[in-house]
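K.L.:
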Amino acid sequence: MNEVCKGIRKEILRIAKESGHGHIPTCFSIVESLYAVYESIRHDPRRPLWEDRDIFILSKGHGALAHYCVLAHHGYFPGQGLVSFGSFGSTFGCHADRFKVAGIEASTGSLGHGIGLAVGMALALKIRRSDRRVVTLIGDGEANEGSVWESTLVASHLKLNNLAIIYDDNQSHGRGLQIRNAADKFRAFDCYVTETEGHDVNALKEALSKRAGQVHVIVAHTCKGFGCSTLIKGQYEWHRKSPNDEEYKTLTRELDEAAV
Amino acid sequence: MRRQFRDTIMDLASRDPDIVMIFGDVSVYLFNDFKEKYPDRFYNLGICENTMISVGAGLSAQGIFPFVHTIAPFITERSYEQIKLDMCYNRFGGNIVSCGASFDYAWDGATHHAYTDLAILRLLPEMEVLQPGSRKELDVLIRSQYRNGKATYFRLSDHPHAIDIPVAFGKGVVIEDRRSDVTVMTAGPILENVHAACRGLNVNLVYFHTIKPIDRDLIRRYQDTQIVVIQDAFGLQAAICEVPNVKTVSYGVSDRFHCCYGTLQDVRRTLGLDVDSIRAYLKQLVS
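Taken in sequence, the protein lines are chains A and B. Count the first sequence with the working numbering and you get residues 1 to 260, in order. Count the second sequence with the working numbering and you get residues 1001 to 1287, in order.
#1: Within 10 angstroms of the Cβ of B:R1041, are there 16 or more other Cβ atoms? Answer buried if so, exposed if not.
#2: According to DSSP, is B:G1058 part of a helix, a strand, or is it coil?
#3: Taking B:M1087 and B:A1151 to be in contact with their CB atoms under 8 angstroms, please state how far apart those CB atoms are, rounded to whole angstroms.
#4: In the stretch 1245 to 1267 of chain B, which residues sit with their C-beta less than 9 angstroms from some C-beta in chain A, listed in chain order?
#5: Give a yes or no on whether 9 angstroms exceeds the smallest Cβ distance from A:M1 to chain B.
#6: In three-state DSSP terms, what is A:G7?
#7: Would you call the stretch 174 to 181 of chain A in contact with the stretch 120 to 127 of chain A, where contact means no fewer than 3 C-beta pairs closer than 8 angstroms?
#8: Do three or more CB pairs link the stretch 1106 to 1120 of chain B to the stretch 1070 to 1087 of chain B at distances below 8 angstroms?
#9: For A:I232 and B:D1108, I'd like the C-alpha separation in whole angstroms.
#10: If distances are taken between C-alpha atoms only, which option among A:S151, A:H157, A:V135 and A:L255 comes closest to A:D54?
#11: Check for me: the alpha helix (DSSP H) holding B:D1007 runs from which residue to which?
#12: Residues of chain A with CB under 8 angstroms from B:G1058, in chain order?
#13: Check the Cβ of A:E254 against every Cβ in chain B and list those closer than 8 angstroms, keeping chain order.
#14: Tell me the residue span of the beta strand (DSSP E) that contains B:F1208.
#15: Return yes when the Cβ of B:Y1261 is within less than 9 angstroms of the Cβ of B:G1272, no when it is not.
#16: Does chain B have any CB closer than 9 angstroms to the CB of A:V31?
#17: So which residues on chain B does A:A106 lean against when the C-beta distance must stay under 9 angstroms?
#18: B:P1189 by DSSP, collapsed to three states: which one?
#19: Does any C-beta atom of chain B lie closer than 9 angstroms to the C-beta of A:S147?
#20: For the stretch 1063 to 1076 of chain B, list every residue whose C-beta sits within 9 angstroms of some C-beta in chain A, in sequence order.
#21: Using the beta-carbon of each residue, which ones in chain B are nearer than 8 angstroms to A:H21?
#22: Near B:A1057, which residues of its chain fall below 7 angstroms by C-beta distance, leaving aside the five closest residues on each side in sequence?
#23: Give the secondary structure of B:L1273 by DSSP, where H, G and I count as helix, E and B as strand, and everything else as coil.
#24: Excluding five sequence neighbours on each side, which residues of the same chain lie with their C-beta closer than 7 angstroms to the C-beta of B:V1026?
#25: Restricting to Cα atoms, I'd like to know which of B:S1134, B:S1102, B:I1022 and B:Y1207 is closest to B:Y1043.
#26: I need the boundaries of the alpha helix (DSSP H) containing A:E206, first residue and last residue.
#27: Return no unless some Cβ of chain A is closer than 9 angstroms to the Cβ of B:D1040.
#28: Any idea what DSSP makes of B:M1052, helix, strand or coil?
#29: Taking the alpha-carbon of A:E145 as reference, which of A:K60, A:P45, A:Q80 and A:L204 has the nearest alpha-carbon?
#30: Check each residue of the stretch 151 to 165 of chain A: if its Cβ is closer than 8 angstroms to any Cβ of chain B, include it; give the result in chain order.
#31: Please list, in chain order, all residues of the same chain as A:L71 whose beta carbon is under 6 angstroms from its beta carbon, the five residues on each side excluded.
#32: Taking the straight line between their C-alpha atoms, what separation do you get for A:S29 and A:H23?
#33: Between which two residues does the alpha helix (DSSP H) containing B:N1095 stretch?
#34: Got a sec: is the Cβ-Cβ distance from B:E1126 to anything in chain A below 9 angstroms?
#35: In its own chain, which residues sit with a C-beta less than 8 angstroms from the C-beta of B:S1254, not counting the 5 before and 5 after it?
#36: Could you have a look at B:P1066 and say whether DSSP puts it in helix, strand or coil?
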């Protein structure tokens, strides 16, 4: 496991324990993707609204805690305030508010919305003949939403080669409506598809560096709860759960034992 | 009214490069000149109302003033959450322009009737809801509001009224003030029938093209009279009742599907919204 990503996971665990709010397994499946995005896109944490910045939208908004931790790591804001996560009056809600947190480009939460916004933003940048690009991260469970496929169809129709869609293939869809062969489905929508190991930062960065001539979908094969066997085995139980003292110790130990 | 929509947009677009049109495969032919003149600002996205709204919001996020246009029930009822979250909550506002108001598509049946759009959209924070009743009202209101940064709904009808009234955003209009203790309030194209029905009767007649924000000051002027809301879509009565201590009765659209076909006039007749039925109702009320 990437050393930085291990540290971010520890932050997620600590904040989840202190705040009483969770979504830890889904956060753990996207840590490397988020970290690779902010290592790849053009951005400046000192100027979150820099007019030449690339845009990232977390369409699976319930991964907000991981997003906050990655933004804090990159210097958008101090990480100390994150312990208020989810509390009344906090800047940091369980789903992010773009008016409250530097670096958040869109307030998401209801699934299947962020990708449509990303398509509109990418189209706007095309109209303006800008070289800025847009990256969005969607979940495989989220891809049960018809709007995901509508948006993908529109993006392909508009030939938005400035749009990258990271598909977090953490097998959440397996609980309900299954999406088999996601890569083939995106290819059928005329997207350029890269399949990659979703916990390999270098592989993700390499994928993000590609400039496809069409919409680029990066199917990131990930594991929900990656890094902690307790989370992997107990995904239903841990979906929104916050760890107690004993569980926190167990999860931290499991993370410590993960190879770097 | 759609031709006026095109004419107003053609005029504005010649001076404003930030206007971008998004179509749901409706009215496309009307905008052929726009497409030829501004190919980078014309997009027919086909039949995908949810994504049309999200794309409009995304365009707005980057400083563009989008107009998203298709048939009323589909762009409002189907896409309600996209309007609520992508445009309103995120404050990526844009212009939503529908056609097929109320029972304009009478012959297509209940799937194409639109009488809840005004009512549901006015519930969304900071949304502006406009029901222009004439070509002039549409022209004035688009010019006035399209760059306001808010989610703004313009509801077009193929059956506009022909009554010339002063138009200003957010302002209701007193068509007749007979110092009566009965005041008829109405909105949109149905004004044509209501106006004709009121002729010679001892009633006041007040008209609204702006459903949200509703003109509260004007309503307060008549709050001590009996207010009769004549409406061919839900929304106006609820907006009027936002003013404290106002009591209304409503006449017109009712709590049922209208499972018939025919023409707009046919459906209006079943709702008692033809001139004779409205007049008979008001006569009984006044007497």
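A virtual CB, placed ideally from N, CA and C, is assigned to each residue, including glycine. A quick note: this is a predicted structure, and the numbers were derived from the prediction, not measured.
P.N.:
Taking the coordinates as given:
#1: buried
#2: helix
#3: 4 angstroms
#4: none
#5: no
#6: helix
#7: no
#8: yes
#9: 53 angstroms
#10: A:V135
#11: R1002 to A1013
#12: G116, L117, A118, V119, G120, M121, A122, L123 and A124
#13: Under the 8 angstroms cutoff, chain B gives no residues; its nearest Cβ is about 37 angstroms from A:E254.
#14: N1204 to F1208
#15: no
#16: no
#17: A1057, G1058, A1061, D1086, N1090 and F1092
#18: helix
#19: yes
#20: G1063, I1064 and P1066
#21: Those within 8 angstroms of A:H21 in chain B number zero; the least Cβ separation is about 21 angstroms.
#22: D1086, M1087, N1090, F1092 and G1094
#23: coil
#24: H1069, T1070, I1071 and C1099
#25: B:I1022
#26: V201 to S209
#27: yes
#28: helix
#29: A:K60
#30: S151, L153, V154, H157 and L158
#31: G103
#32: 11 angstroms
#33: Per DSSP, B:N1095 belongs to no alpha helix (DSSP H); it is in the beta strand (DSSP E), N1095 to C1099.
#34: no
#35: L1271
#36: strand
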